[in-house]
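Reading through the structure tokens given below for one structure.
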């Protein structure tokens, strides 16, 4: 198979409709583009979208100015051209450069050909070592209505290779506060040791708990591994409901945004679910 031809074909398929903002982007990213963007079998939809966007944006920046705009418009990288239809994006570009639609279409085709050439000549970003495990689900419950705050977390993981015995624990709590509830032990180095090695594809469930010394004003989770689901519950109690609770969904590193307001129910509790967690992003609640 011809990698250049295959990549051109896959890029032309991706530009259709909403481009990079298509709903099921994993169905539109073919095997050649996956290889060019260092996408792994464990990457979920948000990670796939981010990797393809970053790769195409980087490659398009190496094109001449006219082809760079054509490429960014074609895939809806250009913020002002994120229309739901490809032809609307082409029309927008024709107005910006004062050229007819046919000229823009030719430039898009030329840009895609160059992108495929650059992708084949430029090594993909290092994907790093394959993840040793995948977070299937994390359920965290924080109770603030007792004499002392208490967090209980249930983790379910799946091994990505044979012989998984230890892992770096990813949690919403400070390491100094942690205690194992069931399913393993903590080593002196602070790693979590499973009771038995896992083979590739095997799953394991364990739980940890913590009692912070002071009531927290947020509960946040930043995964380093791919994750499927994070289920968060906070019980304030009806007498201790804060003025406002805000959810944080996939915030980048650095200073966190304020988040979106989230209601507290009549029991004085909040329940927030996060799906398809992106490594390095932050999820949780603040109050």
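Numbering (our numbering), first residue to last: 526 to 812. Just so you know, even glycine gets a beta-carbon here, dropped at the ideal spot from N, CA and C. Note that the structure is a prediction, hence the values are computed from the model and not measured.
Could you give the residue range of the beta strand (DSSP E) that holds residue 550? Indexing the chain shown from 1 puts residue 550 at position 25. That residue, residue 550, is in no beta strand (DSSP E); its alpha helix (DSSP H) goes 550 to 553.
Alpha carbon of residue 597 to alpha carbon of residue 582, nearest angstrom: Within the chain shown, residue 597 is the residue found at index 72, counting from 1. Within the chain shown, residue 582 is the residue found at index 57, counting from 1. Going from the Cα of residue 597 to the Cα of residue 582 covers about 7 Å.
Roughly how many angstroms lie between the CA atoms of residue 725 and residue 675, to the nearest whole one? Within the chain shown, residue 725 is the residue found at index 200, counting from 1. Within the chain shown, residue 675 is the residue found at index 150, counting from 1. Going from the Cα of residue 725 to the Cα of residue 675 covers about 34 Å.
Measuring CB to CB, does residue 772 end up less than 8 Å from residue 787? Translated into positions along the chain shown, residue 772 becomes position 247. Translated into positions along the chain shown, residue 787 becomes position 262. Yes. Within cutoff.
Residue of 667, 776, 811 and 580 minimising C-alpha distance to residue 805: One-based indexing of the chain shown puts residue 805 at position 280. Nearest option by C-alpha distance: 776.
May I have the straight-line CA-CA distance separating residue 556 from residue 547, to the nearest angstrom? Locating residue 556 in the chain shown gives position 31, counting from the first residue. Locating residue 547 in the chain shown gives position 22, counting from the first residue. Cα-Cα distance, rounded: 17 Å.
Quick one: using the 10 Å Cβ neighbour count with 16 as the cut-off for buried, is residue 811 buried or exposed? Start at 1 with the first residue of the chain shown, and residue 811 comes out as number 286. So residue 811 ends up on the buried side.
Are the CB atoms of residue 813 and residue 585 nearer to each other than 8 Å? Lying outside 526 to 812, the shown extent of the chain, residue 813 is not represented and no answer is given.
Which whole-angstrom value is the C-beta distance of residue 659 and residue 731, which I expect to be below 8 Å? For the purposes of this step, residue 659 is identified with residue 134 of the chain shown, where counting begins at 1. For the purposes of this step, residue 731 is identified with residue 206 of the chain shown, where counting begins at 1. In fact, because the Cβ distance is near 15 Å, the residues do not count as touching under 8 Å.
Mind checking whether residue 550 and residue 580 have CB atoms under 8 Å apart? Sequence index remark: in the chain shown, residue 550 carries index 25 (1-based). Sequence index remark: in the chain shown, residue 580 carries index 55 (1-based). Cβ atoms of residue 550 and residue 580: not closer than 8 Å.
Would you identify the three-state DSSP class for residue 766, choosing helix, strand or coil? Position 241 of the chain shown, counted from the first residue, corresponds to residue 766. In this structure, residue 766 counts as coil in the three-state DSSP scheme.
Cα separation between residue 770 and residue 643? Taking the first residue of the chain shown as position 1, residue 770 is located at position 245. Taking the first residue of the chain shown as position 1, residue 643 is located at position 118. Using only the alpha carbons, I get a separation of about 47 Å.
Close-in-space but distant-in-sequence residues of the same chain around residue 736 (CB under 7 Å, 5 per side omitted): Against the chain shown, residue 736 aligns to sequence position 211. Excluding positions up to five away in sequence, the list reads 673, 674, 675 and 702.
Determine the contact status of residue 588 and residue 529, defining contact as a CB-CB distance below 8 Å. Within the chain shown, residue 588 is the residue found at index 63, counting from 1. Within the chain shown, residue 529 is the residue found at index 4, counting from 1. Residue 529 sits away from residue 588, with the two beta carbons spaced by 8 Å or more.
N-terminal and C-terminal residue of the alpha helix (DSSP H) that residue 596 is part of: Along the chain shown, one-based indexing puts residue 596 at 71. Residues 590 to 599.
Please work out which residues of its chain come closer than 6 Å, Cβ to Cβ, to residue 691, disregarding the five sequence neighbours upstream and downstream, and give them in chain order. To locate residue 691, count along the chain shown from 1; it is residue 166. For residue 691, where only same-chain residues beyond five positions count, the Cβ hits under 6 Å are 716 and 718.
How many Å lie between residue 789 and residue 766 at the Cα? As a working mapping, residue 789 is identified with position 264 in the chain shown. As a working mapping, residue 766 is identified with position 241 in the chain shown. One C-alpha to the other measures close to 8 Å.
Say whether the stretch 745 to 763 touches the stretch 662 to 671, bearing in mind that this needs 3 or more beta-carbon pairs closer than 8 Å, one atom from each stretch. yes
Option in 713, 705, 683 and 572 with minimal Cα separation from residue 662: Start at 1 with the first residue of the chain shown, and residue 662 comes out as number 137. Per the Cα distances, 683.
Quick check on DSSP: helix, strand or coil for residue 655? On the chain shown, residue 655 is found 130 positions in, with the first residue counted as 1. Because the pLDDT of residue 655 is 49, which lies under 50, any placement of that residue in the model is unreliable, and the question is left without a value.
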